[in-house]
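**Student:** Let me begin by handing over the structure; questions about it come next.
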Amino acid sequence: MNYNWNWGIFFQPSPEGAGTYLGMLVTGLQWTVVTALCSWALAFTLGSIVGIVRTLPQAWARRLGDAYVELFRNIPVLVQMFLWFFVLPELLPQAAGMWVKQLPNAPFWTAVVCLGFFTSARVAEQVRAGILALSRGQSMAGLALGLTRAQTYRHVLLPMAYRIVMPPLTSEFLNNLKNTSVALTIGLLELTARARAIQEFSFQVFEAFTAATVVYLLINLVVVGAMSLLERRLRVPGFIMAK
Amino acid sequence: MPMIEIAHVSKWYNPTFQVLKDCTLDVAKGEVVVVCGPSGSGKSTLIKCVNGLEKIDQGTITVDGIRVDAPETNLPKLRARVGMVFQHFELFPHLSVTDNLCLAQMKALGRSRDQAVAKAMALLDRVGLKAHARKFPGQLSGGQQQRVAIARALAMDPIAMLFDEPTSALDPEMIQEVLDVMVDLAREGMTMMVVTHEMGFARSVAHRVVFMDQGEIVEDAPKAEFFGKPRSERAQTFLSRVLVASH
Ligand SMILES: Nc1ncnc2c1ncn2[C@@H]1O[C@H](COP(=O)(O)OP(=O)(O)OP(=O)(O)O)[C@@H](O)[C@H]1O
Ligand SMILES: [Mg+2]
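Just so you know, the protein sequences line up as chains A and B, in that order.
In this text, residue positions in the first sequence follow the numbering used here: the first is 124, and each later residue adds one.
In this text, residue positions in the second sequence follow the numbering used here: the first is 1198, and each later residue adds one.
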């Protein structure tokens, strides 16, 4: 193979005008991180609500929650991205559709909403599993003390449920982060998209994607490290995890 | 007027399985009633109906004059006044012993943290666990956990206490420390409904013993009468079996 390695490429000016190729990578990283955090905030909120709904005593509520999870979990994330970006604006009333299409940073908002809903289904699954891992006696004890059902969830069930599912939630967070790269298909200039642009401008394909790979790995390490710190801080003295 | 009034209560878990059959039982203020019977006879189900943790299909349950089964009843408010102790303690593992005792005092009764802590400390002292106030449930023995659970229920200043086999998940050497607390409570005049097979407890503090079998209240007799000679054959057989097992 005749390949001209050139790691110096990152310090050369980018053809986009201001800045270097490294600068392109950094702005890509910023979009990746911001998209991942915003969509996670949405996914965590929605997923917690749906996960709780799926453990309520009312059967109709549980079925509604189940349907939500099946819907968002079973359609490939790429298809969902296209549906939100290309199809939804056409289905809306004309004025609303136009507004959506002309939104500044439309790919960003679309990616946040799309990944938020997609990942929320997976978060819901974990939150439900966490609550069900607790004995039925825990909610009975809360209710028997005179707490309302909402208070029982807030003060008795959820604090333990979140602790129990912290490891799978961490991997859902990382999956969500990786899924932000799918948003390059709708024009979000995130890390992968920027690596591809560097390759197209400079033909330094190996350097571009090696750099992107390393950055993804580093983020992973930081997240895993931060989560295990958090896990240690929230550890319940004397409590042995059932699983 | 009885403190707890269970009248003609029936309950089905599904159309073909009737778990409670026309149960009628009163517990007067200050009375201690022990409920016993073979496994699966519906004892836990009945006691959980008293504070509305299980719904009934027929009959009525009244606690301190309030209908538990009426849709307009504010169940959380009623439950806050009825203590319940479970077989498996059900302490909240992520909260310290003190916080286990304070949570419902603050959230359900609206007491301030200072008031709640003061109450908690007094009760922990009473059950002999003041030194463990800052520990977590997972750091205590079973007997200690159950005493904390009793203290947690008492912190709400209950008008009655329900116990569902409070000692049956404990190692034998820890049973007495829990029974001691319960005996004290009974002697102070607490209204108590206690599902247990501890016949020693029944003998020393119960006023009445109720025997259940297959969802029915087969026998409801004053203690002396029950231990003297139960009327029903089923209760006799059961009694001879538990008395043999516990000696
Ligand atoms: N949620 C439920 N759904 C269906 N059946 C149930 C449910 N809970 C209990 N049962 C059944 O109802 C019957 C009575 O149960 P219950 O727990 O009240 O008995 P128990 O007298 O407390 O027995 P034990 O001494 O074993 O605690 C049992 O046959 C049990 O299998
Ligand atoms: Mg039982």
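Glycine included, C-beta positions come from ideal geometry on N, C-alpha and C.
Being a predicted model, the structure only gives us computed values, none of them experimental.
With a threshold of 6 Å, establish whether the CB of B:SER1241 neighbours any heavy atom of ligand 2.
**Tutor:** Yes, the Cβ of B:SER1241 comes within 6 Å of a heavy atom of ligand 2.
**Student:** Would you say B:GLU1333 lies against chain A (beta-carbon separation less than 7 Å)?
**Tutor:** Note on residue identity: the sequence assigns Phe, not Glu, to residue 1333 of chain B. Closer than 7 Å to some Cβ of chain A, the Cβ of B:PHE1333 qualifies, so yes.
**Student:** Output yes or no for whether 7 Å exceeds the beta carbon distance between A:GLY174 and A:ALA247.
**Tutor:** A contact, by the Cβ cut-off of 7 Å.
**Student:** Contact criterion: CB-CB distance below 7 Å. Does B:LEU1382 meet it with respect to chain A?
**Tutor:** no
**Student:** Hey, could you find the ends of the beta strand (DSSP E) B:MET1358 is sitting in?
**Tutor:** Per DSSP, B:MET1358 is one residue of the beta strand (DSSP E) stretching across 1357-1361.
**Student:** Any heavy atom of ligand 1 closer than 6 Å to the beta-carbon of B:SER1238?
**Tutor:** yes
**Student:** If I follow the unbroken alpha helix (DSSP H) through A:ILE321, where does it start and stop?
**Tutor:** 314-325
**Student:** Please compile the residues from chain B whose C-beta is within a distance smaller than 8 Å of the C-beta of A:PRO360.
**Tutor:** LYS1332, PHE1333, GLY1335, GLN1336
**Student:** Can we count B:VAL1407 as close to ligand 1, meaning its CB is less than 6 Å from some heavy atom?
**Tutor:** No; taking the cut-off as 6 Å, the Cβ of B:VAL1407 has no heavy atom of ligand 1 nearer than that.
**Student:** Given 8 Å as the limit, is there contact between the stretch 1231-1246 of chain B and the stretch 1379-1392 of chain B, that is, 3 or more CB pairs closer than that?
**Tutor:** yes
**Student:** Taking Cβ-Cβ distances shorter than 7 Å, what residues in chain A pair up with B:LEU1300?
**Tutor:** HIS278
**Student:** Looking at B:VAL1216 and ligand 1, is the gap between the Cβ and the nearest heavy atom below 6 Å?
**Tutor:** yes
**Student:** Look at the Cβ atom of A:SER171, then the Cβ atom of A:VAL250, and state whether they are nearer than 7 Å.
**Tutor:** yes
**Student:** Identify every residue that forms a DSSP beta bridge with B:ARG1405.
**Tutor:** Answer is B:VAL1230, B:PRO1419, bridged to B:ARG1405.
**Student:** Looking at A:MET263: is its Cβ nearer than 7 Å to the Cβ of B:LEU1250?
**Tutor:** Against a cut-off of 7 Å, the Cβ pair of B:LEU1250 and A:MET263 comes out as a contact.
**Student:** Pull out every residue of the stretch 261-276 of chain A whose Cβ sits closer than 7 Å to any Cβ of chain B, in chain order.
**Tutor:** GLN261, MET263, ALA264, LEU266, ALA267, LEU268, GLY269, LEU270, THR271, GLN274
**Student:** Please work out which residues of its chain come closer than 8 Å, Cβ to Cβ, to B:ASP1361, disregarding the five sequence neighbours upstream and downstream, and give them in chain order.
**Tutor:** LYS1240, SER1241, ILE1244, LYS1245, MET1281, VAL1282, PHE1283, GLN1284, VAL1392.
**Student:** Tell me, please, whether the CB atom of A:PRO180 is closer than 7 Å to any CB atom in chain B?
**Tutor:** no
**Student:** Check each candidate in A:PHE326, A:LEU270, A:LEU145, A:GLY146 and name the one with the smallest Cα separation from B:LEU1300.
**Tutor:** A:LEU270
**Student:** Are B:ILE1173 and B:CYS1220 closer than 7 Å when you measure CB to CB?
**Tutor:** The first residue shown for chain B is 1198 and the last is 1444, placing residue 1173 of chain B beyond what the model contains.
**Student:** Using the C-alpha atoms, what's the distance from A:LEU292 back to A:ASP189?
**Tutor:** 19 Å
**Student:** A:ILE132 by DSSP, collapsed to three states: which one?
**Tutor:** Reduced to three states, the DSSP call for A:ILE132 is helix.
**Student:** Who are the neighbours of B:LYS1274 on chain A, taking C-beta pairs under 9 Å?
**Tutor:** GLY269
**Student:** Determine, using beta carbons only, whether A:PRO66 comes closer than 7 Å to chain B.
**Tutor:** Here chain A comprises residues numbered 124 to 366, so residue 66 of chain A is not present and cannot be evaluated.
**Student:** So with Cβ pairs under 7 Å, would you call B:PRO1290 a contact of chain A?
**Tutor:** yes
**Student:** Any chance the CB of B:TYR1210 is under 6 Å from a heavy atom of ligand 1?
**Tutor:** Yes, Cβ of B:TYR1210 sits closer than 6 Å to a heavy atom of ligand 1.
**Student:** Do you know whose CA, among B:HIS1404, B:LEU1436, B:ALA1317, lies nearest B:ALA1421's CA?
**Tutor:** B:HIS1404
**Student:** Using 10 angstroms around the beta-carbon of B:GLY1237, count the other beta-carbons present and answer buried if the total reaches 16, otherwise exposed.
**Tutor:** exposed
**Student:** Using a Cβ cut-off of 8 Å, pull out every chain A residue sitting near B:GLU1287, in sequence order please.
**Tutor:** SER258, GLY260, GLN261, MET263, ALA264
**Student:** Does DSSP put B:MET1389 in a helix, a strand or coil?
**Tutor:** strand
**Student:** Is the distance from the Cβ of B:PRO1355 to the Cβ of B:LEU1288 below 7 Å?
**Tutor:** It is not a contact, given that the beta carbons lie outside the stated cut-off.
**Student:** Going along the stretch 1299-1331 of chain B in order, which residues come within less than 8 Å of chain A, judged by CB to CB distance?
**Tutor:** LEU1300, ALA1301, LYS1304, ALA1305, LEU1306
**Student:** Do B:ALA1352 and B:LYS1316 have their CB atoms nearer than 7 Å?
**Tutor:** yes
**Student:** Classify B:ASP1296: buried if its beta carbon has 16 or more other beta carbons within 10 angstroms, exposed otherwise.
**Tutor:** buried
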